Structures are given as structure tokens and as C-alpha cells.
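> Structure provided below as C-alpha cells; questions to follow.
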Amino acid sequence: MNNNNIRKIVIVGGGTAGWMAAAALSRVLKNRFCDIELVESESIGTVGVGEATIPQIQVFNHMLGLDEDEFLRKTCGTFKLGIQFVDWGRKGDSYIHAFGEVGKDMDGIPFYHYWLKDHLRGGSRDIGEYTLTALAALQGRFMRSVNAGNSPLSNITYAFHFDAGLYARFLREYAQQRGVIRTEGVVVKAALEPDRGFIESIRLEDGRVIEGDLFIDCSGFRALLIGEALGVGYEDWRHWLPCDRAWAVPCEGDDNPAPYTRSTARAAGWQWRIPLQHRIGNGHVFSSQFMEEDEAREILLRNLDGAPLADPKLLRFTTGKRDRFWHKNCVALGLASGFMEPLESTSIHLVQSAVARLLSFFPDRHFDPVDIDEYNRQTHFEMDRIRDFLILHYRATERDDSDFWDYCRTMKIPDSLAQKIEQFRANGRIVRASGELFNELSWMEVMLGQGILPRGYHPLVDAMPEDRFAGRMHEIKSVIERSVAAMPSHRDFIAAHCRM
Ligand code: FAD
């Protein structure tokens, strides 16, 4: 038994980040290892957005041991097969960044190189025709994988849309059942140890003092502990990701929610549409440097699929990241650690991966700097690579119809991204460092979707005889089409399994 074990974890903030951390820690540490107390304030509230996810969330749910249908029922959730990007590369264009497999790899070469060969000589125009999840999304179909041998139906990759408030409540029940103490109150100050500068305790408005060994800052954009108390700085990325505001509003949906997120480019940003079972979540993310708030609000309200269900809410943010995510005895998660706008639904995932990393480097009360440095190094790496992926959407555009798009189209980008684009342009290869979140297929789909067309394809594709090539391409396409036709509608699948 290590006498220096952490005895008490204090989590400040009960948004998605706070309750995800509380749920995961209560599951893994069990109530026996140490106490966990979460402080949140109903009077301050949460950001209340954050409703689209990526497939990795299934790992988190699995780790918690959640029943997926129950989770969807309780969060009014729907399934998500990808994101449709409308008007991004050019006005009138649209493509899907779909999850999961594209076509069928052959002879060890990714399928998309075969598609490139076909495309470059005037064949197929859209790689989405070979992607089960893209086709199913557009046809409003969904099912989970079944055991069907080689069929693409054996491997269907998906994520979820859900109501952020209901998700936090769901996780809160889960964590409280496992011993997490919830304290209602407004944190006004953190007391630091005089010698090491560690956080010793936090004080609430009503005078209560809560002590702890490890503090987790989930206080949102306020960053009460990591920023205000410990003075850790913030790297501003607005020169690459210039959007810094969002209007969010729910609207009425119908009983046939689309199984994908839609992102439509607007004159100074973009608009999201996230269909849930009981409503549609919408938001207009924009740059205040290029558009007034009132105009952005009007654009959002003019482009809803149904009647608004509330007044639009304005959120202000600065894209970027903390200089350090773990400093002394404080780890920042969620919005307190940085924010990159919801273009690829990565924020909730970043909470999940940070919690997993915290568990890998779980400290004792010595707080070994070697572990803290490695935690920070890995988190910087993860965020920087996601940042590049998001910048790609803005930079790879032909749009010149507004000052915003002129800026994005011509802005200087990080060398790491410039190199990836050049490599792809040359021969269709995607070169990734291990540990990057987005895989080769995601990069390929977005590059092609945004209009970056390679000059060539993998030379070994030519090893397949010409007479076989056309036959294989046709066969793969028709297997995918037949598989999609066999899938039920998203609406029917939800009705059969997880209606709210
Ligand atoms: P918050 O939700 O802000 O929670 C902060 C908590 O701290 C609250 O409980 C608050 O009461 C508490 N608090 C603050 N100050 C005090 C205090 N003094 N005393 C006590 N308690 C305090 N992510 C995705 O993955 N997918 C998306 O589609 C997506 N869309 C987004 C759209 C927008 C416009 C924005 C801004 C974000 C989006 N995100 C999305 C990000 C996602 O919303 C957040 O990552 C997630 O909600 C986590 O937020 P949080 O818990 O860090 O902060």
C-alpha cells in the first residue's frame, strides 16, 4: 500500500466534461480507492451544446458498461454515420465525411487508390458511391453490424447524436450511484500551498471549504483553476481557426431524423444541424471579425428545418489550447483545456481521451513531473493534429465570395498540414504519425471532398489486370448498394430498439 496515494479528487464543474470524468473515475477507481467530490453550480449552468460525437465514444460507453439502447433512450439520442459538408469546397458542392470502411482494400492497397485510378481516367465521380455509411446516411438507413461474414454489414461504424443536458444527467446518475458526492455551490477561490503552489482547497460562496489532493478543472471556458488560480496561459489559434462565436438554437424536427450531422458553410462560418429524436439541434458558428452577431443570428433563424423551440443563445470562445493541461496537482478537461470548434465533433472525444490518459498517468501525492510532462506532451500532440484536420476544411476551398473565405483560402497554415496536403496531391498518400485521431480514410475523404485531387495513385494498383479492374470495381459497388438496400430506415431502427 502506497501511503502517498491520492485520497481525494475534487472535480470543479458538472458539464459534460465534469460528469464524464466523474463517471469514468468512479468506475475505474471504485469508491474504495479514494473519495470523489464534484462541485457544480446550477446558477451558472453549462454550455448546453455538444451533441454530436465520433465513433470512439463507444469505447467510453463500453468502459462504463452502459447499455447502448438505454443510453440512447435516456438522452433522446440518434445514430450518426458521418458528417455531410455542404458548400465548403465550392458553393453547390457536398460530400460526406463518413465513418468506417471505404470500398474494399485489395492486395494490401487501400481501396481509394483504385478509385483514384478510375476517377482520374473519367470514371466514378464520387467516392461516397463506394462507402456504405455515406450511402446509408443519405438514404436515411441505419443498423448495427451483424455477423454476415465478408459483407460490409459486418462492419458498420457509427457514433451518436444526443441531448447534451440529458447526457450530463445520465452520467451524473451513474457517477452518484457509484459514490461520487455532488455539491451544489459557486466556487469563488482556490487556496494554494505557499511552498509548492499546489491547490490545497477551494472555497465556495457560502464559505464552505473543500480540500483535495488532485483537482480536475472542468469549469468550462472560465478555467477557474488551471487559468485563474494557477495562471496557465492559453495559445490563441484564431489566425487558423477564426470562428469565435456561435448562436445555438433547437428547432422542431420530424419523426424521421437523419442519421448524420450536416455542416453547411455560410459567408463567415458554418451552420450545424444535429437531428435528435425529439428535436433538431442547430447552431451557426461564425467569425466576429467578418460578421456582426445580429446578422449571424438572422442567418441561423432563416435556415432552420422547423420552428425554433427557444431563443437563440450566443456563445463566445477563443479557439486554442492551454500551454499546459496538467499543472501541479490540477488537470484541466473539456473547455477549460482548450476548444477547437465543433466542426468534426471532437471536443467530447478530447474529454474521453484525456480521462483515459489521466488514468494511465494516474499520480500519487508526489505528482512526478516526468509523468505530468508526458501527459502534456501527448495532449499537445493530439490537439495539434486535430487542429490541422480542422484547418484543412477552411483552407482547401475555392470559395472567394466573402472576405472570410478569401482569408481562409489564402491563410498560412502549419507546416505539418502543408506537408500532408502536398503528399496527397502528389500520389494520394496520407502520411500520419501514429496516435493521430483521424485515420487515413478521414483525411482522404475530406481532402477529396474539399477539392484536392491527387495527380496520381499508388503505382501498385496497376498490378491488377485491366480486365479484372473494371469487374472488381463494379462488384464492390453493387455489394455495397445491395447491403444498404437491406438496411432498415433509421426511424424504424430507433423505434425497434431505443425510442425515447
Ligand atoms: P461546461 O458545459 O461549460 O460546464 C462547466 C461547468 O462548470 C458547469 O457545470 C458550471 O456550472 C461549472 N462552473 C463554472 N464556474 C463555476 C463556479 N465558479 N463554481 C461552480 N461551478 C462552476 N463537442 C462535441 O464533442 N460535439 C459537438 O457537437 C459540440 N458542439 C459544440 C458547439 C459549441 C458552440 C460549443 C461552444 C461547444 C461544442 N462542443 C461540442 C464542445 C462541448 O460542448 C464541450 O466539450 C462539452 O460540453 C464540455 O463542456 P465542459 O463540461 O468543459 O464545460
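Under this note's numbering, the first residue of the sequence shown carries the number 1479, and numbering increases by one thereafter. C-beta atoms are modelled at their ideal positions from N, C-alpha and C, and glycine is treated no differently. Being a predicted model, the structure only gives us computed values, none of them experimental.
1) Kindly list the residues whose CB is nearer than 6 angstroms to the CB of Asp1842, restricted to its own chain and excluding five residues on each side of it in sequence; keep chain order.
2) Can Arg1855 be considered in contact with the ligand FAD, in the sense that its beta carbon sits closer than 7 angstroms to one or more heavy atoms?
3) Thr1797 and Leu1719 look like a contact to me (Cβ under 8 angstroms); what is the Cβ gap, rounded to whole Å?
4) Using the Cβ count rule (16 or more neighbours within 10 Å means buried), how would you classify Leu1926?
5) Cα separation between Lys1667 and Gln1928?
6) Return the residue from the list Ala1941, Leu1631, Phe1768 that minimises the CA-CA distance to Glu1959.
7) Of all the alpha helix (DSSP H) runs that stay within the bounds of the stretch 1714 to 1766, which reach a length of 4 or more residues?
8) Compute every distance between the C-beta of Leu1702 and the non-hydrogen atoms of the ligand FAD, then say whether any falls below 7 angstroms.
9) To which residues of the same chain is Pro1966 closer than 8 angstroms at the C-beta, ignoring the five residues directly before and after it?
10) Would you decide whether Asp1596 is buried or exposed? Buried here means 16 or more other CB atoms lie within 10 Å of its CB.
11) Considering only heavy atoms of the ligand FAD, does any lie closer than 7 angstroms to the CB of Ala1911?
12) Express the C-alpha separation of Asp1846 and Phe1839 in angstroms, rounding to a whole number.
13) Where DSSP assigns a beta bridge to Thr1556, which residues make up the other side?
14) Alpha carbon to alpha carbon, what distance is there between Asp1893 and Ser1880?
15) Mind checking whether the beta-carbon of Ser1519 lies closer than 7 angstroms to any heavy atom of the ligand FAD?
16) When burial is assigned at 16 or more other CB atoms within 10 Å of the CB, is Leu1792 buried or exposed?
17) Heavy atom of the ligand FAD less than 7 angstroms from the Cβ of Gly1567, yes or no?
18) With hydrogens ignored, establish whether the beta-carbon of Phe1795 is closer than 7 angstroms to any heavy atom of the ligand FAD.
19) Report the rounded CA-to-CA distance for Lys1552 versus Asp1733, giving the unit in angstroms.
20) Output yes or no for whether 8 angstroms exceeds the beta carbon distance between Phe1640 and Leu1779.
21) Can you tell me which residues form a DSSP beta bridge with Ile1680?
22) Excluding the five sequence neighbours on either side, which residues of its own chain have a C-beta within less than 6 angstroms of the C-beta of Ser1823, listed in chain order?
23) So for Cys1808, helix, strand or coil by DSSP?
24) Suppose the cutoff is 6 angstroms on Cβ atoms and the five residues either side in sequence are ignored; what does the same chain contact list for Val1687 look like?
25) On the premise that Pro1937 lies in contact with Arg1903, defined as a C-beta separation below 8 angstroms, what is that separation, rounded to the nearest angstrom?
26) Within its chain, find whatever has a CB closer than 6 angstroms to the CB of Arg1723; leave out the 5 residues flanking it on each side and keep chain order.
27) Let me confirm a value: Pro1672 is counted as buried when at least 16 other C-beta atoms fall within 10 Å, else exposed. Which label applies?
28) Near Leu1782, which residues of its chain fall below 8 angstroms by C-beta distance, leaving aside the five closest residues on each side in sequence?
29) Verify the contact flag: Ser1823, CB atom, against every heavy atom of the ligand FAD, threshold strictly below 7 angstroms.
30) With DSSP run on the structure shown, which of helix, strand or coil describes Gln1662?
31) Return the chain-ordered ranges of every alpha helix (DSSP H) run that is complete within the stretch 1829 to 1916 and spans a minimum of 4 residues.
32) So for Leu1919, helix, strand or coil by DSSP?
33) Have a look at Arg1969 and Pro1735 and give me their C-alpha separation to the nearest angstrom.
34) For the beta strand (DSSP E) that Glu1518 lies in, which residues bound it at each end?
35) Are at least three pairs of beta-carbons, each pair with one atom in the stretch 1535 to 1549 and one in the stretch 1569 to 1577, less than 8 angstroms apart?
Looking at the coordinates:
1) Asn1480, Asn1482, Asn1483
2) no
3) 4 angstroms
4) buried
5) 47 angstroms
6) Leu1631
7) none
8) yes
9) Arg1619, Phe1620, Met1621, Ala1974
10) buried
11) no
12) 10 angstroms
13) His1639
14) 26 angstroms
15) yes
16) exposed
17) no
18) yes
19) 17 angstroms
20) no
21) Ala1668, Ile1688
22) Ala1530, Thr1531, Ile1532
23) strand
24) Ser1679, Arg1681
25) Not a contact, Cβ separation roughly 16 angstroms.
26) Phe1764, Ser1766, Arg1794
27) exposed
28) Val1727, Cys1729, Ile1758, Asn1760
29) yes
30) Here the sequence assigns Glu to residue 1662, which means Gln is not the residue at that position. Reduced to three states, the DSSP call for Glu1662 is strand.
31) 1847 to 1873, 1881 to 1888, 1893 to 1905
32) helix
33) 7 angstroms
34) 1513 to 1518
35) no
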